[in-house]
Structure formats: C-alpha cells, structure tokens
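A.B. asks: For the sequence shown, this note's numbering assigns the number -5 to the initial residue and increments by one for each residue that follows. A virtual CB, placed ideally from N, CA and C, is assigned to each residue, including glycine.
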Amino acid sequence: MNTIAIARSELSKRQAHSGLESEPVNQRGRAYEGFRQQIIDARIRPGQFVSQRELMELLEMPLAAVRELVPRLEAAGLIKTVPKRGLQIASVDMKLIRNAWQVRAMVEREAVVHFARVANAETIAGLIEAHEAILERALRPHPDAQLEKDAQAVDWGLHDSMVDSIGNEILSEIYRVNSLHVRLIRYDADSMRPIQVVPAMREHLEFLHALAAKDGERALDHMMAHIEASKHRVLAGMLRVGQLPGSV
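Encoded structure:
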C-alpha cells in the first residue's frame, strides 16, 4: 500500500470512529479537521485575523462548534485572541521555526527507530515506488499541476505513518499539532515550494533504501539529515522573499 493510500485509510478510520460519537463531539472533531484542512490547503495565512463568523463560513460549521473549537486551537498555539481585533492565526518567526523543528526531530527519531523494526519489505517497497513516481514527475521539463499536492501527500504520509506506527495516540496528536505549525511555516515559503519536491523525495528515498537494506542506523542518520535540510530550505525560502523576522 503506498503512502497516499495509507493516508486515506487513516482518514477513513478516523471518520468511521467519529460516527460512533455523540453529535456535539462529532461536530467538534469535524470543526478541528476542517481547520486543519484549511492550513494544509493554504487557505489560512500565518498572522491572518479571522472572526468566529468567518470561521463558521470557512469550516461550514455552526457557531456553537466554532466556539468550542477556539479553546482547543488556542491551547495548541495555532491561534490567539486579540482584544478588539478577533482571532489571529499563529505568526511565523524564528522561535516558532526552532521549536517546531525541534519537536519534529525528537518525535521522528523515536518513530524511525520503531518503524525500522516493524516495517515489512512490502510496505517499504510500496513507499519507494510512490516516492520514485513523484520524483519522476518532478524531474519532467514541465511538471503537472497536481504534482505539489500529490508530493505533499507522499511526503507527509511517510512521516505521519511512521509516527502512527508507534501506536501512541498522545504522541500522534502532539505530532499532528506540530505538523500544522510546520505547514504554516511552509506556506510562508510558498514561492520556494516547487523546487523543494526533488530534494525532499531524494532524501526520503535515501532513508527508504537504508530501511530496505535493514540498516536502521543509516536510516536514522538519513532521516535526521532530511529534517535538518528541510528546515534550511524553508529558512532559505523565507530569506529570499523577505519573510523572516526575528532571530533564534
């Protein structure tokens, strides 16, 4: 099963599980997933101000669900309430970048060690196939319009699957929230996205081939190097377009 299929399967499981919950809980979950998708699809900008009414329209949810969503988003550091101005989406600065990538490295180090033990040859082969297909498309003279979306599904699908393989729901939730911070940062570096696909896929493939060779130590080294390289690509992109305030 390739990474896109894995991601879709996980979404289906969450949706099926939510159907067993009471309606208020179900609405809260749908509102959160809707907000998450807004970030993933880059329809919400870092630092943007929104009202609860605007969130209602964006998420297509009732006001009660949005009001219950706000404390959860505030606790996650994804929004903050600004008196007389409304709700502000988290802004991107060097502190956020440092903290978000530090959490990534800490969680994924444990995830890689575990994944190297439990991933079977068929799973790894499927992941390699999915990454090679994206890389081949990215190297074409004129990449297709769907490339970026599919590349993100393969890229983040691998990371999410590794973390979820641990089977720790608390850790997975921490990682999912942190991933939203990372995606807000990546949105600010939007002008650099097209040229990030090729190095990201190549770095993933180095990691996956090490897994296929049952070399867990080398796989870990490749993943840690990939996480660090992804941070530097984002920093370079933000510097290029003048969107990097503050300092570490």
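Check this for me: beta carbons of F43 and R79, under 8 Å apart or not?
C.D. replies: Sequence index remark: in the sequence shown, residue 43 carries index 49 (1-based). Sequence index remark: in the sequence shown, residue 79 carries index 85 (1-based). It is a contact, given that the beta carbons lie within the stated cut-off.
A.B. asks: Report the CB separation of R131 from Q190 in whole angstroms; it is logged as a contact under 8 Å.
C.D. replies: The residue labelled residue 131 in the question sits at position 137 within the sequence shown. The residue labelled residue 190 in the question sits at position 196 within the sequence shown. Their Cβ separation, rounded to whole angstroms, is 14 Å, which puts R131 and Q190 out of contact at 8 Å.
A.B. asks: In the DSSP output, which residue or residues are listed as bridge partners for L81?
C.D. replies: Translated into the one-based positions of the sequence shown, residue 81 becomes position 87. According to DSSP, which records beta bridges pairwise, L81 is partnered with V44, T75.
A.B. asks: If you check the beta carbons only, do G28 and M55 fall under 8 Å apart?
C.D. replies: Counted from its first residue, the sequence shown places residue 28 at position 34. Counted from its first residue, the sequence shown places residue 55 at position 61. Yes, Cβ-Cβ distance for G28 and M55 is below 8 Å.
A.B. asks: Spatial neighbours of H220 within its chain, please: C-beta separation below 6 Å, excluding the five flanking residues on both sides.
C.D. replies: Position 226 of the sequence shown, counted from the first residue, corresponds to residue 220. Correct list, in chain order: E197.
A.B. asks: How would you call S224, buried or exposed, if buried means at least 16 neighbouring beta carbons within 10 angstroms?
C.D. replies: Start at 1 with the first residue of the sequence shown, and residue 224 comes out as number 230. Buried: at least 16 other Cβ atoms inside 10 Å.
A.B. asks: Which of the three DSSP states, helix, strand or coil, is assigned to Q252?
C.D. replies: What is shown of the chain runs -5 to 242, which leaves residue 252 out entirely.
A.B. asks: On the three-pair Cβ rule with 8 Å, is the region 116 to 126 touching the region 66 to 77?
C.D. replies: With the cut-off at 8 Å, the region 116 to 126 and the region 66 to 77 do not touch.
A.B. asks: As a quick exercise: from F109, P40, N93, pick the residue whose alpha carbon is nearest that of D209.
C.D. replies: The residue given as residue 209 occupies position 215 in the sequence shown. Out of F109, P40, N93, F109 has the C-alpha closest to the C-alpha of D209.
A.B. asks: Around the C-beta of H153, are 16 or more other C-beta atoms found within 10 angstroms, so that it is buried, or is it exposed?
C.D. replies: For the purposes of this step, residue 153 is identified with residue 159 of the sequence shown, where counting begins at 1. That one is buried.
A.B. asks: According to DSSP, is K143 helix, strand or coil?
C.D. replies: If you number the sequence shown from 1, residue 143 lands on position 149. Reduced to three states, the DSSP call for K143 is helix.
A.B. asks: Comparing C-alpha positions only, which one of R30, R111, V176 sits nearest to L90?
C.D. replies: In the sequence shown, residue 90 corresponds to position 96, counting from 1. When only C-alpha atoms are compared, the closest one is V176.
A.B. asks: For I83 versus G41, is the C-beta spacing smaller than 8 Å?
C.D. replies: The residue given as residue 83 occupies position 89 in the sequence shown. The residue given as residue 41 occupies position 47 in the sequence shown. Cβ atoms of I83 and G41: closer than 8 Å.
A.B. asks: Considering I122, what are the terminal residues of the alpha helix (DSSP H) in which it resides?
C.D. replies: Here residue 122 refers to the residue found at position 128 when the sequence shown is read from its first residue. Per DSSP, I122 belongs to the alpha helix (DSSP H) from 115 to 132.
A.B. asks: Do you know whose CA, among A58, Q46, A147, lies nearest Q283's CA?
C.D. replies: A query on residue 283 cannot be resolved here, the shown segment of the chain reaching from -5 to 242 and no further.
A.B. asks: Among the residues of its own chain, which have a CB less than 7 Å from the CB of D205, if the five just before and after it don't count?
C.D. replies: Mapped onto the sequence shown, residue 205 falls at position 211. Note that residue 205 corresponds to Leu in the displayed sequence, not to Asp. Contacts found: A110, A113, I118, A213.
A.B. asks: Check whether the Cβ atoms of L52 and A25 sit closer than 8 Å, and answer yes or no.
C.D. replies: Taking the first residue of the sequence shown as position 1, residue 52 is located at position 58. Taking the first residue of the sequence shown as position 1, residue 25 is located at position 31. Result no, Cβ atoms of L52 and A25 do not sit closer than 8 Å.
A.B. asks: Over what stretch of residues does the alpha helix (DSSP H) that includes P137 continue unbroken?
C.D. replies: In the sequence shown, residue 137 corresponds to position 143, counting from 1. Run containing P137: none; DSSP gives neither H nor E here.
A.B. asks: State the CB to CB distance for the pair V101 and V157, rounded to an integer number of angstroms; the pair is presumed to be in contact (CB under 8 Å).
C.D. replies: On the sequence shown, residue 101 is found 107 positions in, with the first residue counted as 1. On the sequence shown, residue 157 is found 163 positions in, with the first residue counted as 1. Indeed, because the Cβ distance is near 6 Å, the residues count as touching under 8 Å.
A.B. asks: Would you report the Cα separation of H216 and V60, rounded to the nearest angstrom?
C.D. replies: Working through the sequence shown from its first residue, we reach residue 216 at position 222. Working through the sequence shown from its first residue, we reach residue 60 at position 66. Each residue's alpha carbon lies about 41 Å from the other.
A.B. asks: Pick from S45, M88, R47: whose alpha carbon is nearest that of L178?
C.D. replies: One-based indexing of the sequence shown puts residue 178 at position 184. Of the candidates S45, M88, R47, the one whose C-alpha sits nearest the C-alpha of L178 is M88.
A.B. asks: Would DSSP call N20 helix, strand or coil?
C.D. replies: For the purposes of this step, residue 20 is taken as the residue at position 26 of the sequence shown. Three-state DSSP puts N20 in a helix.
A.B. asks: Identify the continuous alpha helix (DSSP H) that holds A194 and give its terminal residues.
C.D. replies: Translated into the one-based positions of the sequence shown, residue 194 becomes position 200. Here the alpha helix (DSSP H) through A194 covers 191 to 206.
A.B. asks: Check R39 in the structure and name its three-state DSSP category.
C.D. replies: Taking the sequence shown and counting its residues from 1, one reaches residue 39 at position 45. DSSP places R39 in coil when its eight states are reduced to three.
A.B. asks: Would you give the residue range spanned by the alpha helix (DSSP H) that D68 belongs to?
C.D. replies: Residue 68 sits at position 74 when you count from the first residue of the sequence shown. Here residue 68 turns out to be Glu, not Asp, going by the sequence shown. Its alpha helix (DSSP H) spans residues 57 to 69.
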